[in-house]
Amino acid sequence: MSGRTKEDFLREAIRVASDNVARGGGPFGAIVVRDGVVVARAANRVTANNDPTAHAEVEVIREACRTLGTFQLEGCEIYSSSEPCPMCLGAIYWARPKAVYYANGREVALKAGFDDDHIYEEFLLAPQERRYPATRLEIEGADEPFRRWAAKDDRVEY
């Protein structure tokens with residue numbers, strides 16, 4: 000163990016976010032820690048990469064997985080400068096860290112112009128009633144990839 004506290008790691012995530020603002024990016028930063036060691040750091044790269052999915056948490060998960068050579072972060076902790084948005088929360092659940100710690104809540108992000116509430120509200124609606132309606136189309140054979148997956152003896156579960 001490094002002797003660093005959760006608060007120390009959270010301060011580092013906040014520093015990553017502040018440094019990103021100084022470089023012209025968004026006010027979000029995150030780090031991944033395993034056994035008291037930082038294995039990845041990342042900041043929001045949405046405007047830098049022209050990628051709406053390049054949030055700090057998604058970026059740090061990608062970097063940590065590359066560094067650790069795995070697609071899951073079991074045994075790791077994620078520290079984020081702000082409460083993860085719905086997309087990031089989904090990525091976190093897929094990554095399966097043991098814990099997530101964050102500094103600023105949604106209300107602080109909202110005051111700075113970052114509003115996730117409309118996304119949370121959309122989750123309560125039926126897919127076809129959402130702002131961007133989603134309609135399931137019946138296509139013969141659509142389940143073929145799943146049937147092939149289920150039949151594979153060498154598949155890697157996730």
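Take the sequence shown: its position 72, counting from 1, is numbered 71 in numbering that gives the first Met the number 0, and each next residue is one higher.
Don't be surprised by glycine CBs; every beta carbon is placed ideally from N, CA and C.
Say whether chain D places a C-beta atom closer than 8 Å to the C-beta of residue i.
i	result
Glu121	In the displayed structure, chain D is absent; only one protein chain is listed.
Determine, using beta carbons only, whether residue i and residue j come nearer to each other than 8 Å.
i	j	result
Arg95	Leu67	no
Ala42	Gly24	yes
Ala63	Val99	no
Ala111	Pro26	yes
Arg40	Val59	yes
Pro144	Ala133	no
Use the C-beta contact count for residue i: other C-beta atoms within 10 angstroms, 16 or more gives buried, fewer gives exposed.
i	result
Glu56	buried
Phe8	buried
Val36	exposed
Val15	buried
Ile138	exposed
Ala141	exposed
Glu11	buried
What residue does the beta strand (DSSP E) around residue i start on, and which one ends it?
i	result
Glu176	In the structure as shown, the chain starts at 0 and stops at 157, and residue 176 therefore has no counterpart that could be examined.
Asn103	Ala98 to Asn103
Gly89	Element bounds for Gly89: not the beta strand (DSSP E) but the alpha helix (DSSP H), Pro85 to Ala94.
Ala29	Gly28 to Arg33
Val45	Not the beta strand (DSSP E): Val45 falls in the alpha helix (DSSP H), residues Val45 to Asn48.
Could you spell out the range, first to last residue, of the alpha helix (DSSP H) harbouring residue i?
i	result
Ile118	Asp116 to Phe122
Val15	Lys5 to Ala21
Ile60	Ala55 to Leu67
Ala149	Glu143 to Ala150
Just confirm the distance between the C-beta atoms of residue i and residue j, as a whole number of angstroms; I'd bet it's less than 8 Å.
i	j	result
Tyr119	Pro85	6 Å
Arg130	Glu121	6 Å
Arg65	Ala53	Not confirmed; about 15 Å, so no contact.
Ile13	Ala102	6 Å
contact_flag[the region 65-84, the region 23-36] where n(CB pairs < 8 Å) is 3 or more: yes
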